[in-house]
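So the structure is just underneath, and the comments pick up after that.
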DNA sequence: ACTTTGAATGAACGATTGTTCATTATGGCG
DNA sequence: CGCCATAATGAACAATCGTTCATTCAAAGT
């Protein structure tokens with residue numbers, strides 16, 4: 518409280534960090550508003566309300582700023598998901614529910630974050646530097662889902678279900694629903710998206726998700 | 518045969534159309550190689566091997582060329598899918614298999630087409646003009662899948678399955694798997710992707726997809 | 001064979017790009 | 001309070017952007 522975001526009293530270093538973050542946020546805003554293809558240094562600084570030289574002062578170049586933008590949002594997503602998984606109980610069905618709920622949380626699934634996410638995915642083939650941060654979603658999720666599905670199959674038992682294929686299905690399904698949100702953010706319903714996923718969960722693992 | 522693609526004898530109009538298409542193809546190549554954000558008029562013409570004024574001669578501006586690029590690939594996708602659905606039999610399970618096979622066909626699921634697809638999706642929020650062509654995939658597919666799932670539910674019967682939710686799941690799943698291909702085109706396996714979808718199909722409609 | 005027509009060319013344009021750097025402003029310290 | 005270190009500024013830079021248009025070229029019509 519004592520140091521609210523508008524507090525004028527800040528150490529020099531803190532102000533520097535504040536500006537650094539302001540540039541990252543402004544870049545995300547600019548991507549949402551103009552599209553990555555039309556984001557220029559001028560446009561970013563317009564959004565940030567800072568002076569011309571700031572980008573090259575804090576990051577050495579526009580490209581390095583862009584890289585920090587993906588990194589920032591990737592880190593935020595990973596942390597968000599990690600927190601959700603830590604908070605969930607040990608039962609695999611609860612962990613699955615936790616992941617799904619976390620994945621559709623407004624903290625990570627919102628117009629700006631999706632605009633950034635998709636924009637950089639588009640450049641993935643031509644700018645491999647972005648890959649580690651675009652990838653982060655898949656790598657961690659895949660491990661989590663595979664573990665969960667394997668446990669559920671053992672508990673079931675569900676002889677007809679291949680845990681690896683089921684895990685891939687969950688991953689792809691979440692990915693696809695994120696995409697839906699990006700294209701139709703106003704008509705998109707988080708609740709409906711969640712119920713699509715749980716509908717599939719019940720199809721695969723009826724004993725564990727009868728209630729959903 | 519008499520007028521092969523390399524044939525020097527072409528009417529004036531045909532040459533014009535050839536150049537028009539060359540520009541569209543070159544733009545797609547440039548997007549794949551450099552990313553939409555780094556596609557310039559110079560870069561496109563470099564790929565096309567044509568002269569500077571061509572873009573503004575055939576399309577009035579670079580932006581209109583870009584719009585024609587999305588339109589072109591969207592049309593190609595829609596036609597491809599329509600052909601596949603027309604060729605499929607009347608049984609819903611066959612139509613579903615046909616759609617899935619068509620959706621993963623190399624004619625529409627390849628690196629260049631995906632690069633174009635994703636690139637323009639990234640700009641969807643800021644450039645609404647692109648929406649109708651980015652949307653085409655969802656609009657037609659949704660109708661087809663909803664019909665198929667409804668029929669399957671009636672045939673089943675599958676009292677626990679909501680045809681609308683199942684259709685949305687299929688849509689999102691395909692979307693997500695396309696995304697996987699875009700990010701990991703070398704390690705991606707069309708066969709595996711197909712088996713993920715059919716695995717889900719069997720989970721929803723075991724009586725119809727026991728064999729898959 | 002000559003004329004007509006419009007497609008194709010590429011030099012040149014002003015605007016905007018990302019970056020540099022000399023200059024200014026200011027928080028932190030002796 | 002005065003000095004220093006460094007954060008911040010913004011004018012200026014060459015490079016590249018997308019577009020224009022006078023000119024060239026060649027196919028189609030007479």
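Protein chains in written order, with the numbering used here: chain X, 518 to 729; chain A, 518 to 729.
Using N, Cα and C, we set each Cβ at its ideal position, and we do this for glycine too.
None of the values given here were measured: they were computed from a predicted structure.
Taking C-beta separations shorter than 6 Å and ignoring five residues to either side along the sequence, the partners of residue 591(A) in its chain run 650, 653, following chain order.
In the DSSP assignment, residue 646(X) falls outside any alpha helix (DSSP H), carrying neither H nor E.
At a cut-off of 4 residues, the continuous stretches assigned as alpha helix (DSSP H) that sit fully inside the region 592 to 678 of chain A are 609 to 620, 628 to 639, 648 to 672. Per DSSP, reduced to three states, the secondary structure at residue 559(A) is helical. Close partners of residue 589(A) in chain X (Cβ separation under 8 Å) are lacking, with about 18 Å as the shortest Cβ gap. What residue 696(A) touches in chain X, judged by beta-carbon distance under 8 Å, is 638, 689, 692, 693, 696, going in chain order. Counting every other CB atom within 10 Å of its CB across the protein chains shown gives residue 656(A) a total below 16, marking it as exposed.
Separation of the CB atoms of residue 614(X) and residue 602(X) is rounded to 11 Å, and the pair is thereby denied contact status at 8 Å.
Residue 550(X) has a beta carbon lying within less than 8 Å of a beta carbon in chain A.
Ranked by Cα distance from residue 580(X), the options 680(X), 635(X), 662(X), 561(X) are led by 561(X). In terms of beta-carbon proximity, residue 557(X) stays away from the interface with chain A, with every pair separated by 8 Å or more. Closest option to residue 629(X), judged by alpha-carbon separation, among 550(X), 718(X), 618(X): 550(X).
For residue 539(X), the enclosing alpha helix (DSSP H) has its first and last residue at 529 to 551.
At least one CB of chain X lies nearer than 8 Å to the CB of residue 712(A).
The beta carbons of residue 691(A) and residue 714(A) sit closer together than 8 Å. At least one C-beta of chain A is nearer than 8 Å to the C-beta of residue 721(X).
Against chain X, the CB of residue 729(A) has no partner CB under 8 Å away; the residue lies outside that interface. Going by C-alpha positions, residue 575(A) is about 11 Å away from residue 539(A). In the structure shown, residue 567(A) falls within a coil segment according to DSSP collapsed to helix, strand and coil. Neighbours of residue 673(X) in chain A, taken as residues at a C-beta separation under 9 Å, are lacking, since the least C-beta distance is about 12 Å. Residue 721(A): member of the alpha helix (DSSP H) spanning 707 to 721, first to last residue.
Residue 631(X) has its alpha-carbon roughly 19 Å from the corresponding atom of residue 645(X). Interface annotation, residue 679(A): in contact with chain X, CB-CB separation under 8 Å. A check of alpha carbon separations from residue 608(X) across 541(X), 563(X), 667(X) identifies 667(X) as the nearest. A direct Cα-Cα distance of roughly 28 Å separates residue 702(A) from residue 597(X). A contact between stretches requires three or more CB pairs, one per stretch, nearer than 8 Å, and the region 635 to 645 of chain A fails this requirement with the region 675 to 683 of chain A. For residue 707(X), the closest C-alpha among the options 620(X), 569(X), 564(X), 680(X) is that of 620(X). Under the three-state reduction of DSSP, residue 681(X) is assigned to helix. Contact annotation: residue 610(X) and residue 687(X) have beta-carbon atoms that are not nearer than 8 Å.
Annotation: residue 709(X) to residue 721(X) spans about 19 Å, alpha carbon to alpha carbon. The Cβ atoms of residue 711(X) and residue 625(X) lie no closer than 8 Å to each other. Taken through DSSP and simplified to helix, strand or coil, residue 726(A) comes out as coil.
Residues of the region 553 to 583 of chain X with a C-beta atom less than 8 Å from some C-beta of chain A are 553, 554, 555, 556, listed in chain order.
Within 10 angstroms of the beta-carbon of residue 643(A) lie 16 or more other beta-carbons, which makes it buried.
Only 628 from the region 607 to 628 of chain X bring a Cβ to less than 8 Å from some Cβ of chain A. Pairing residue 682(A) with residue 564(X) gives a Cβ-Cβ distance that is not under 8 Å.
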